[in-house]
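Novice:
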Amino acid sequence: MFADVAGSTAMYENMGDDLARERISRALNALISISRRHSGQLVKTIGDEILVYFIDVENAILAAKSIQESMEDDRTPETIGVSIRIGMQYGSTILENDDIFGDTVNVAARVAGMAKARQILCTQEIAFMVKSPELSNNMRPFDRLRIKGKNEQLDVYLFAWEEEGDMTNMATASSFTNPARNELLKNLTLTYESKAHSIPVDTASYIMGRGKGCELVIKGDLISRYHCKIEHRRGKYIITDQSTNGTFIRTTGGQIIFLRREEFTLFGSGYISLGKKVNPGDTNIIHFLCE
1078 MFADVAGSTA MYENMGDDLA RERISRALNA LISISRRHSG QLVKTIGDEI LVYFIDVENA
1138 ILAAKSIQES MEDDRTPETI GVSIRIGMQY GSTILENDDI FGDTVNVAAR VAGMAKARQI
1198 LCTQEIAFMV KSPELSNNMR PFDRLRIKGK NEQLDVYLFA WEEEGDMTNM ATASSFTNPA
1258 RNELLKNLTL TYESKAHSIP VDTASYIMGR GKGCELVIKG DLISRYHCKI EHRRGKYIIT
1318 DQSTNGTFIR TTGGQIIFLR REEFTLFGSG YISLGKKVNP GDTNIIHFLC E
């Protein structure tokens, strides 16, 4: 299993080397701790990702699920907003000199490379080996992957860890989980050009951009027609960039986030700018308030 901090390059660009490295290091420590609680063996850390192996397939799925749930519920200042993407493969490997080699490892790395933030991907081998109904029922065909040297494409599956009815988070005892996980957000207010726009929890998708079909139309040369969207999931508001020039966020605490085809959990209050960096004096930015 490869578990990777999504958007780490943007972290270094926007937060500086020292702060970004500290945030990534704390996140990786959380991933390692959760993996070990599910009998995973850490092989190594590689920059912004970890490589872990498991003897039991279902332990691997449970570890991946717990990682995503823990990071989703995390509100500690050092790691809040960090998203993880995970890729897995099953098969024989070579363990040598505290490292792991072989085709299985290479395929797992390719699968992880397909994953987006907050996704868990695995090969068909893993999906078909899972016996627990609570886990196997959440496996979804996702895509096909062509591997150099293999005649046939590999079928890749998505484990839908966010579905209703999935298993209880196994990592609730971790210091990295949210101690107030039952404090769910009930409303998000966006203020643009002095007009407030409320996004209640029953909103399926709230789209911002310059397109006429957007819920909030914002004009600008750097803004895509359907620039980004906001969804309410598991008691939180998630903003997802789907633009060419990216989405910039600045919290009232001074945290700066840059998204490009990535997503981020909004918290507290701050500003959102489409296509360019946040300038509080700019009349074309959006103020957000989570309640």
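Residue 1078 is where the sequence shown starts when you use the numbering used here, and the numbers rise one by one after that.
Where a beta carbon is used, it is the ideal one built from N, C-alpha and C, also for glycine.
Bear in mind the structure is a predicted one, so any value in this text is a computation, not a measurement.
#1: State the CB to CB distance for the pair T1324 and I1284, rounded to an integer number of angstroms; the pair is presumed to be in contact (CB under 8 angstroms).
#2: Between I1057 and the rest of its own chain, which residues show a CB-CB distance below 8 angstroms, the 5 nearest in sequence each way excluded?
#3: Would you mind giving the Cβ-Cβ distance between Q1166 and A1192, rounded to the nearest angstrom? I have them listed as a contact below 8 angstroms.
#4: Closest by CA to A1140, which one among E1202, F1236, R1302, R1327?
#5: Name the two residues that bound the continuous beta strand (DSSP E) containing S1350.
#6: In chain order, what residues of the same chain have a beta carbon less than 8 angstroms from the beta carbon of T1360, not counting five sequence neighbours either side?
#7: What are the uninterrupted segments assigned as alpha helix (DSSP H) that are 4 or more residues long and contained completely in the stretch 1102–1152, given in chain order?
#8: Exposed or buried, G1347, counting other C-beta atoms within 10 Å across all chains shown (16 or more means buried)?
#9: Relative to the alpha-carbon of K1366, which residue among I1326, G1117, R1338 has its alpha-carbon at the smallest distance?
#10: Might you give, ordered along the chain, the residues of its own chain that have their beta carbon closer than 7 angstroms to the beta carbon of T1245, omitting 5 neighbours on each side?
#11: Could you please give me the residues that DSSP links to E1173 through a beta bridge?
#12: Could you check where the alpha helix (DSSP H) with A1204 kicks off and where it finishes?
#13: Going by DSSP, what residues sit across from C1291 in a beta bridge?
#14: By the 10 Å Cβ neighbour count, where 16 or more other Cβ atoms means buried, how is S1282 classified, buried or exposed?
#15: Leaving out the 5 sequence neighbours to the left and right, which residues in its chain are closer than 7 angstroms to Q1145 when beta-carbon positions are compared?
#16: Less than 7 angstroms between the C-beta atoms of M1216 and Y1234, yes or no?
#17: In chain order, what residues of the same chain have a beta carbon less than 8 angstroms from the beta carbon of R1221, not counting five sequence neighbours either side?
#18: Please name the residue, chosen from C1291, V1134, G1297, that lies closest to Q1201 on a Cα-to-Cα basis.
#19: Output the distance between the C-alpha atoms of G1312 and G1358, rounded to the nearest integer angstrom.
#20: Identify which residue in Q1332, I1132, N1183, K1225 has its Cα closest to the Cα of M1092.
#21: Tell me which same chain residues have a C-beta within less than 8 angstroms of the C-beta of L1343, skipping the five on either side of it?
#22: My guess is that A1087 and R1338 are in contact by the Cβ rule of under 8 angstroms, so how many angstroms apart are they, rounded?
#23: How is P1357 classed by DSSP in three states: helix, strand or coil?
#24: Helix, strand or coil: how does DSSP classify L1262 here?
#25: Can you tell me whether D1081 is buried or exposed? The criterion is at least 16 other CB atoms within 10 Å of its CB, across all chains shown.
Specialist: On the basis of the supplied data:
#1: By 1-based counting over the sequence shown, the position of residue 1324 is 247. By 1-based counting over the sequence shown, the position of residue 1284 is 207. About 12 angstroms; that fails the 8 angstroms criterion.
#2: Only positions 1078 to 1368 of the chain appear in this structure, which leaves residue 1057 out of reach.
#3: Numbered from 1 along the sequence shown, position 89 holds the residue referred to as residue 1166. Numbered from 1 along the sequence shown, position 115 holds the residue referred to as residue 1192. At roughly 12 angstroms, the Cβ-Cβ gap does not stay under 8 angstroms, so Q1166 and A1192 are not in contact.
#4: In the sequence shown, the residue the question calls residue 1140 occupies position 63. When only C-alpha atoms are compared, the closest one is F1236.
#5: Reading the sequence shown from its first residue, position 273 is the one you call residue 1350. Its beta strand (DSSP E) spans residues 1346–1351.
#6: Here residue 1360 refers to the residue found at position 283 of the sequence shown. These residues qualify, in order along the chain: E1270.
#7: If we require 4 residues or more, the alpha helix (DSSP H) runs fully inside the stretch 1102–1152 come out as 1134–1150.
#8: Locating residue 1347 in the sequence shown gives position 270, where the first residue counts as 1. G1347 is buried by the Cβ-count criterion.
#9: Numbered from 1 along the sequence shown, position 289 holds the residue referred to as residue 1366. Correcting the residue identity first, residue 1366 is Leu in this sequence and not Lys. Comparing Cα positions, the closest option is I1326.
#10: As a first step, residue 1245 must be located in the sequence shown, where it is residue number 168. Legend: pLDDT at T1245 = 31, less than 50; position of this residue unreliable, value from coordinates given subsequently. Cβ within range, chain order: n/a, list empty.
#11: For the purposes of this step, residue 1173 is taken as residue 96 along the sequence shown, with counting starting at 1. Paired residues: D1176.
#12: Translated into positions along the sequence shown, residue 1204 becomes position 127. A1204 -> alpha helix (DSSP H) spans 1201–1206.
#13: Working through the sequence shown from its first residue, we reach residue 1291 at position 214. C1291 pairs with nothing; no bridge assigned.
#14: Here residue 1282 refers to the residue found at position 205 of the sequence shown. Under this definition S1282 is an exposed residue.
#15: One-based indexing of the sequence shown puts residue 1145 at position 68. Excluding residues within five positions, the ones whose Cβ falls inside 7 angstroms are I1161, R1195, I1197, W1238.
#16: Locating residue 1216 in the sequence shown gives position 139, counting from the first residue. Locating residue 1234 in the sequence shown gives position 157, counting from the first residue. Going by C-beta atoms, M1216 is nearer than 7 angstroms to Y1234.
#17: Along the sequence shown, one-based indexing puts residue 1221 at 144. For R1221, where only same-chain residues beyond five positions count, the Cβ hits under 8 angstroms are Q1230, L1231, D1232, V1233.
#18: Position 124 of the sequence shown, counted from the first residue, corresponds to residue 1201. Here the closest residue by C-alpha is V1134.
#19: Here residue 1312 is taken as the residue at index 235 of the sequence shown, counted from 1. Here residue 1358 is taken as the residue at index 281 of the sequence shown, counted from 1. If I take the Cα positions, the gap works out to 31 angstroms.
#20: As a first step, residue 1092 must be located in the sequence shown, where it is residue number 15. Nearest C-alpha to M1092: Q1332.
#21: Reading the sequence shown from its first residue, position 266 is the one you call residue 1343. So the qualifying residues of the chain are L1265, I1307, K1313, Y1314, I1315, I1316, I1326, F1365, C1367.
#22: Taking the sequence shown and counting its residues from 1, the one referred to as residue 1087 is at position 10. Taking the sequence shown and counting its residues from 1, the one referred to as residue 1338 is at position 261. With 8 angstroms as the limit, A1087 and R1338 do not qualify as a contact, their Cβ atoms being about 11 angstroms apart.
#23: If you number the sequence shown from 1, residue 1357 lands on position 280. P1357: coil per DSSP, three-state reduction.
#24: As a first step, residue 1262 is located in the sequence shown; it is residue number 185 there, counting from the start. The answer is coil: DSSP assigns L1262 none of H, G, I, E or B.
#25: For this step, residue 1081 is matched to residue 4 along the sequence shown. Buried, because 16 or more other Cβ atoms sit within 10 Å of the Cβ of D1081.
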